[in-house]
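With positions in the sequence shown counted from 1, the corresponding number in our numbering is that position plus 89.
Note that beta-carbon positions come from the ideal geometry of N, C-alpha and C, so glycine has one too.
See structure below.
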Amino acid sequence: MSAILVISPVIVRAANNPTANRHAGTASIDSSQPVRYPIQVLDAETGIAIEGATVRWQNVENDPPDHFDFSGSTGKDGRIILSLLPGRYAVETTANGYKPTCCRLVLQIAEGMSMPKVIENLTPLKLPGEVLDLNARQADNLATIGGYVVDATTRRPIVGAQVKFQKTGATAQSDSGGFFSV
Numbered sequence: 090m091s092a093i094l095v096i097s098p099v100i101v102r103a104a105n106n107p108t109a110n111r112h113a114g115t116a117s118i119d120s121s122q123p124v125r126y127p128i129q130v131l132d133a134e135t136g137i138a139i140e141g142a143t144v145r146w147q148n149v150e151n152d153p154p155d156h157f158d159f160s161g162s163t164g165k166d167g168r169i170i171l172s173l174l175p176g177r178y179a180v181e182t183t184a185n186g187y188k189p190t191c192c193r194l195v196l197q198i199a200e201g202m203s204m205p206k207v208i209e210n211l212t213p214l215k216l217p218g219e220v221l222d223l224n225a226r227q228a229d230n231l232a233t234i235g236g237y238v239v240d241a242t243t244r245r246p247i248v249g250a251q252v253k254f255q256k257t258g259a260t261a262q263s264d265s266g267g268f269f270s271v
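Quick look at the structure:
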């Protein structure tokens, strides 16, 4: 979900969608040091933090196209903090099971200005509530399958939903965020 958001002193731009999808908070800035730039990555449908999302930054003024200045993963709360100098950046956010996002960031700093906190919303590859056809077979190496149970109309998480796998009979119950895993 790309968006346009203009908040001084930072401009986040993406040409393909004029709908704002990021939310602002503030943190103090010292213009003589790199800026600590907080990002939180959330599921766009449920608002739940995405742990392990990869955030990559590239200085588009100085770097070759395939070079990234920074690549890191979000923590359990979906947060990551980057240190950036003023400049123009390409920002790419990816996570397993979600559509990747990419946008341009122009970072301009003046003494005494405040910095917005960006919340990046990723869209699931399959919308929650759709039936997934999973083909699995019994094996020595087991895997965990997880997902979200949400109301088809409101897209709000459903707490306590029972999920049952027909072939194995394995069951799970969705938590307060609608998440289940087996």
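Own chain, CB closer than 8 Å to S265, minus 5 neighbours either side, in chain order | Same-chain partners within the cutoff: P246 and V248.
State yes or no: is the C-beta of D132 within less than 9 Å of the C-beta of Y187?
-> Yes, the pair counts as a contact, with Cβ atoms nearer than the cut-off.
Counting only runs of 3+ residues fully inside the region 137-190, write out the beta strand (DSSP E) ranges in chain order.
-> 143-148, 159-162, 168-173 and 176-183
Rounded C-alpha distance that separates S117 from L171 | Only weak support exists for where S117 lies, its pLDDT of 40 falling under 50; the coordinates are left without a value.
For S270, count neighbouring C-beta atoms within 10 Å of its own C-beta (all shown protein chains included) and say buried if the count is 16 or more, exposed if not.
-> exposed
Keeping to the same chain, check which residues put their C-beta closer than 7 Å to that of Q147; ignore five residues upstream and five downstream.
-> H156, F157, D158, Y178 and A179
Since I believe T135 is in contact with Y237 (beta carbons under 8 Å), could you give me their beta-carbon distance rounded to a whole number of angstroms?
-> 5 Å
Close-in-space but distant-in-sequence residues of the same chain around T183 (CB under 6 Å, 5 per side omitted) | T143 and P189
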